[in-house]
Amino acid sequence: MNITHQLQALLEQAVQTATGQSELIVLENPRHEGFGDYATPIAMQLAKKLGQNPREIAQQIMENIPDNTIIEKAEIAGPGFLNITLAPEIVSESLREFAAEKPLVPVRKKRIEVEFASPNVAKPLHFGHFRGLILGESLARLLRHSGHEVLTDNFVGDWGTQFGKLIVAIRKWGDKKTIDHNPIEELVRLYRKFHQEAEHDAELEKQGAEEFRKMEVEHDAENLELWKWIVGESLKDFFVVTDRLDAHFDEMRGESFYEKMLPTVLEKLRTSGIGSTGEAGALVVEFGDESKLPTMIFQKSDGATLYQTRDLAKIIFYDSEGFDEMIYVVGNEQNLHFRQVFETARRLGYQGAWTHAGHGLVRLPEGKMSARAGTVISLSEVFDEAYKRAFASLIEHNSEIIGKEREDLAEILAIGALKFNDLGQNRKTDILFDWEAMLDFNGYSGPFIQYSAVRCASILRKATDHCPPVKGESKGVLSFEHEAELSLAKKILRFSDVVLEAAERLEPHVLAEYLFQLAGEYNSFYAKCPVLKADEPERTTRLFLTQKTAETLTHGLYLLGIKTPKQM
Ligand code: ARG
């Protein structure tokens, strides 16, 4: 049990004895220094509930805290906050046992599906896919670390009328050699051409719909073969990007995966009465006025299914697989779509917890990388630019690392910078793509945290060059002589709480901000407390703190999907 949980248990007991109430204790991080290590508003909550004075309740709670070795000091502050300061001994004991990599034990282990990326095939991955890829991977890692069983999945857009159109376009205007030479680019061109031509040739749309119908209803072998090839080519491109981003999928259940389940889904909608017949015989769900959701079509009048039909099938499928939660990492703009699909599933009697973890857009700065009208900026272009800049800044910083190692390092820094720029900010809001800030080795950036971790590791290396290694398990009391040591130790011990909070809120920036603070805390400790040159027993304590900081920064970065280089 970590300190926070032990403290919660103590306070719960105190509240029980003092007021007879069983309450869950929320422990916050006090905003200002000098207000202890934790603060809880429990007395104020109870005061409202019981109609009593909050400071008096706080007093009673305080008096009833059982004897323990955890709390150094409890104080009442302001309107009735209870501020708790930890005993240094418990901090030192907990730090000994602390291992940043160790997954946590959740109160209830859940099976969670995390969907991200979900690109539409036959189009290159573009800038709009960037945030989802980064966020999804980090959320999966955070939830796993929180002790849950996580399955990552990719709802590839690999089914739908657009394939009928593409097939028509390939047959009409496609040239095998050109397509083979650069498949995705050529497919994008053909798809565009289809739409241009369709503007003055209404027949084309019909032909497209017909080719898709043949695939879907008649399982037309020729069309299916062409379709398979298109999907395969697109995924080749996709994996180049995900490899570079170190993003992983346990499953690749694209829209086509749900195809065979669609008749059952449509049947369910019909027989349950949740679906009704709309215009021209389409199958629709009307949500009623109070829900404020617009009607959603689940089957067109020509029998074709839609994107949402497959999304609904997916929920039903995962329900049958025994999943407790589904998380959709998809742009904010699809929020209405998800609310409609979730509401439909709920009305059909499904009860999973489905969350649309929506994210904002990335705004590009003016200049080189700005979105020129009509051009799609590919992700590889962005990666290459980041790499070039990271490489240049290594030269500028006179890094002694050269050759292939410098190239590898530049790549790790570039991807780290891109990811941190994203994960360091609130996922819900739009963010700006700021090259300077993102690669600022002294700012709120990936490279800064990476550097902080590398520096700790290098201090440890220097120490072991002269002395026997400091081992995590080594016994002996860590005594904190200096305020900065204790403060750093406490900061490290917050790690698990922070990860849990980030995972619960599905907001990696909570962890990113913490890592930035931890790096800063280490820096101020280091400025005040010499490490290598200190005498014993301080030296051991400080090296131990350095080691735990390195582990925490490194694993924290890992949970964001960011690698820590060995040297910088
Ligand atoms: N393929 C879709 C698109 O690119 C995104 C899919 C999102 N996921 C989902 N389950 N609907 O717009």
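Numbering (numbering that gives the first Met the number 0), first residue to last: 0 to 567. Beta carbons: idealized from backbone N, C-alpha and C, even for Gly. Keep in mind the model is a prediction, meaning the values are calculated, not measured.
Distance, Cα to Cα, Glu512 vs Val498? Between Glu512 and Val498, the C-alpha separation is close to 11 angstroms.
What I want to know is whether the C-beta of Ser233 ends up closer than 7 angstroms to one or more non-hydrogen atoms of ligand 3. This structure does not include ligand 3; its bound ligands are ligand 1.
Same chain, Cβ closer than 6 angstroms to Gly79, neighbours up to 5 away in sequence not counted: Taken in chain order, the residues that qualify are Ala42, Met43, Pro53, Arg54, Ala57.
Among Trp434, Ser290, Ser137, Leu531, the one whose alpha carbon lies nearest that of Ala385: For the residues Trp434, Ser290, Ser137, Leu531, the minimum Cα distance to Ala385 belongs to Trp434.
Have a look at Phe479, Leu141, Leu559 and flag the residue whose alpha-carbon is nearest the alpha-carbon of Gly415. Considering only alpha carbons, the answer is Leu559.
Taking 8 angstroms as the limit between beta carbons, can you name the residues of its chain near Leu223, skipping five residues before and five after? Result list for Leu223: Met214, in chain order.
For Glu62, three-class secondary structure by DSSP: Three-state DSSP puts Glu62 in a helix.
In whole angstroms, what separates the C-alpha of Met61 from that of Arg30? If you take the alpha carbons of Met61 and Arg30, they lie about 21 angstroms apart.
Look at the alpha carbon of Tyr450 and the alpha carbon of Gln516, and state the distance between them as a whole number of angstroms. Straight through space, the alpha carbons of Gln516 and Tyr450 are spaced by roughly 14 angstroms.
Taking the beta strand (DSSP E) that Tyr257 belongs to, which residues open and close that run? Where Tyr257 is concerned, there is no enclosing beta strand (DSSP E), because DSSP gives it neither an H nor an E.
If I measure Cβ to Cβ from Leu138 and keep anything under 8 angstroms in the same chain, skipping five residues before and after, which residues do I get? Leaving aside the five residues that flank Leu138 on each side, the residues in its chain whose CB is nearer than 8 angstroms to its CB run, in chain order, Val113, Phe115, Ile326, Val328, Ala356, Ala502, Leu505, Pro507.
Whose C-beta lies closer than 6 angstroms to the C-beta of Met368 among residues of the same chain, with five residues either side of it excluded? Because the pLDDT of Met368 is 49, which lies under 50, any placement of that residue in the model is unreliable, and the number read from its coordinates should be weighed accordingly. Cβ neighbours of Met368 within its own chain (closer than 6 angstroms, five residues either side excluded): none.
Check whether the Cβ atoms of Pro446 and Leu459 lie closer than 8 angstroms to each other. Against a cut-off of 8 angstroms, the Cβ pair of Leu459 and Pro446 comes out as no contact.
Which residues mark the beginning and the end of the beta strand (DSSP E) in which Glu210 is found? Premise fails: Glu210 lies in the alpha helix (DSSP H), 201–217, not in any beta strand (DSSP E).
Count Cβ pairs between the region 175–186 and the region 129–145 that sit closer than 8 angstroms; are there 3 or more? As far as the Cβ criterion goes, the region 175–186 does not touch the region 129–145, which means the pair count is below three.
Between the Cα of Ser523 and those of Glu500, Thr551, Leu487, spot the shortest distance and give me the residue it belongs to. With distances taken between CA atoms, Ser523 lies nearest to Leu487 out of Glu500, Thr551, Leu487.
Report yes if the CB atom of Val453 is closer than 8 angstroms to the CB atom of Gln566, and no otherwise. Taking 8 angstroms as the Cβ cut-off, Val453 and Gln566 qualify as a contacting pair.
Does the Cβ of Ser117 lie closer than 7 angstroms to at least one heavy atom of ligand 1? Taking 7 angstroms as the cut-off, one finds at least one heavy atom of ligand 1 near enough to the beta carbon of Ser117.
For ligand 1, I want to know if Tyr579 counts as a neighbour, meaning its beta carbon is within less than 7 angstroms of at least one of the ligand's heavy atoms. With the chain represented from 0 up to 567, any question about residue 579 goes unanswered, as that position is not in the structure.
Work out the CA separation of Arg188 and Leu363 for me, nearest whole Å. If you draw a straight line from the Cα of Leu363 to the Cα of Arg188, it is about 25 angstroms long.
Once the 5 residues before and after Thr84 are set aside, which same chain residues still bring their CB inside 6 angstroms of it? Within the same chain, Cβ atoms closer than 6 angstroms to the Cβ of Thr84 are found at Gly35, Asp36, Glu71, Lys72, the five residues on either side in sequence being excluded.
Which residue wins for smallest C-alpha separation from Lys205, given the options Lys192, Glu217, Lys164? Measuring from the Cα of Lys205, the nearest candidate turns out to be Lys164.
Express the C-alpha separation of Leu431 and Lys122 in angstroms, rounding to a whole number. One alpha carbon belongs to Lys122, the other to Leu431, and they sit about 24 angstroms apart.
Fully enclosed by the region 351–428, which alpha helix (DSSP H) runs are 4 residues long or longer? Those alpha helix (DSSP H) runs which fall completely within the region 351–428 and span 4+ residues are 378–395, 402–422.
With hydrogens ignored, establish whether the beta-carbon of Ala156 is closer than 7 angstroms to any heavy atom of ligand 1. In the sequence as displayed, the identity of residue 156 is Gly instead of Ala. It does: the Cβ of Gly156 is within 7 angstroms (strictly closer) of some heavy atom of ligand 1.
Quick check: does the Cβ of Glu482 come within less than 7 angstroms of any heavy atom belonging to ligand 1? False, no ligand heavy atom lies under 7 angstroms from that Cβ.
Same chain, Cβ closer than 8 angstroms to Arg405, five either side skipped, listed in chain order: So the list reads Phe390, Leu393, Ser398, once near-sequence residues are dropped.
Three-state secondary structure assigned by DSSP to Ser137: Ser137 falls in the helix class under three-state DSSP.
DSSP three-state label for Phe97, please. Coil.
Which of helix, strand or coil DSSP assigns to Ala38: Taken through DSSP and simplified to helix, strand or coil, Ala38 comes out as strand.
Once the 5 residues before and after Pro563 are set aside, which same chain residues still bring their CB inside 6 angstroms of it? One point to set straight first is that residue 563 is Thr, not Pro, in the sequence displayed. Same-chain partners within the cutoff: Gln449, Ala452, Thr553, Leu556.
Kindly indicate which three-state DSSP category Gly471 falls into: helix, strand or coil? For Gly471, the predicted structure reports a pLDDT of 48, less than 50, and the residue's modelled location is therefore unreliable. The matter cannot be settled from this model.
Using CA atoms only, rank isn't needed, just tell me which of Ile315, Val283, Thr294, Glu289 is closest to Thr304. Nearest C-alpha to Thr304: Val283.
Uninterrupted beta strand (DSSP E) stretches inside the region 109–180 (no shorter than 3 residues): Listed in chain order, the complete beta strand (DSSP E) runs (minimum 3 residues) inside the region 109–180 are 110–114, 148–152.
Are there 16 or more other CB atoms within 10 angstroms of the CB of Val104, so buried, or fewer, so exposed? Classification of Val104: exposed, given that the 10 Å Cβ count is below 16.
Between Phe479 and Pro40, how many whole angstroms is the CB-CB distance? I'm expecting something under 8 angstroms. Rounded, the Cβ-Cβ distance is 29 angstroms, inconsistent with contact.
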